[in-house]
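Student: When we follow the numbering used here, the leftmost residue of the sequence shown carries the number 171, and every step to the right adds one. Built from N, CA and C at the ideal position, the CB exists for glycine as well. Since we're looking at a predicted model, the values are computed, not measured.
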Amino acid sequence: MERLRVLITVKTYPIPSATYDELVCTAGVTEQGDFVRLYPVPFRDLPWTQQYPKYQWIEVMAEHHKRDRRKESMRPDPESIRFYGERIETRNGDWSARGQYVLRNVSQSMEVLKDAQEADNTSLGIFRPKVVEDFVVEEESERDWKPSALAAIKQERLWETRRASREPVRKLPYKFRYKFRCDDDRCNGHTMMNEDWELGRLYWRHIDRGDSEEAAIFGVRQRFFTEMCAPANETYFFVGTVLGHGTWVVLGTYYPKIGKSGNPNEENLELFPEEK
Ligand SMILES: [Zn+2]
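1. Run through the region 250–323 for me and flag every whole alpha helix (DSSP H) of 4 or more residues, listed as ranges in chain order.
2. Nearest-angstrom Cα distance between Ile258 and Trp227?
3. On the DSSP bridge list, what partners appear for Ala197?
4. Closer than 7 Å to a non-hydrogen atom of ligand 1 - does that hold for the CB of Ser279?
5. If you draw a straight line from the alpha carbon of Glu256 to that of Lys224, how long is it in whole angstroms?
6. Could you say which of Pro248, Met231, His415 and Pro184 lies nearest to Trp315 if we only look at CA atoms?
7. Just verifying my parser: in three-state terms, what is the DSSP assignment at Ala232?
8. Over the uninterrupted beta strand (DSSP E) stretch that includes Trp218, give me the two end residues.
9. Output the distance between the C-alpha atoms of Arg274 and Thr423, rounded to the nearest integer angstrom.
10. Could you please give the first and the last residue of the uninterrupted alpha helix (DSSP H) stretch that includes Tyr373?
11. With 16 as the cutoff for other CB atoms within 10 Å, does His360 come out buried or exposed?
12. Start and end of the beta strand (DSSP E) containing Ile428?
13. Can you tell me whether DSSP reads Thr361 as helix, strand or coil?
14. How is the alpha helix (DSSP H) around Phe388 delimited, first residue to last?
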């Protein structure tokens, strides 16, 4: 076990699992800007005081995985999670307090990340798509989780009263994907799932207040495509691979206005303007 200090940057929508009750991928960066995946984390079962928000520094004891070979994956001891300092906020649209860590290791493109995946099992990264062309919404063929996964969860609930009141998370009936191109000559374009927990939460907020599914989809599209990927924004995607498949998905977005990202590499350039 080693002690890690991680700035949490992404949390994915929970998925029931026969092995771990419920899977949430949480990931972030260290003070050096290296990526870390904390997995598995029984996130919704953590005491409230340990349910870290995004852009919160946490300290946690963790060890390397035996089965999960992805380079950045660490198995945390959930009991050891402690908040460290205050959540990092943006100020007047300035994201640099976050960007100095989050954007320390920006990749050029998905092509570069896939090369790194081949080379050393790289499975997390952040990059700035050249253009986000569309937001593709597709209905899931199954509207509920697989019975085997649900049965496993219910079985566990019988034994742990702490969990008895918590319902399994609802499955999203739609897949939401970004269609984009990278700033890379090799790029043929990508269509990648967005698995951000906040996207699912927004969808259900619409449904729970009585909106139709069409209206909920429109609301999600408005927020995650029209607003976050607006031309005035310097939008980056946090991406990661799915365990067992190696498929890349979007885990979260980073969407300051252009020039307000706090990219430390760009700031360094400006220290030496005569060299440009
Ligand atoms: Zn590409």
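Tutor: So, to answer that:
1. 266–272 and 280–290
2. 8 Å
3. Val180 and Arg207
4. yes
5. 11 Å
6. Pro184
7. strand
8. Premise fails: Trp218 is in no beta strand (DSSP E) and is neither H nor E.
9. 16 Å
10. Trp367 to Asp378
11. buried
12. No beta strand (DSSP E) contains Ile428, which DSSP labels as neither H nor E.
13. strand
14. Glu383 to Arg391
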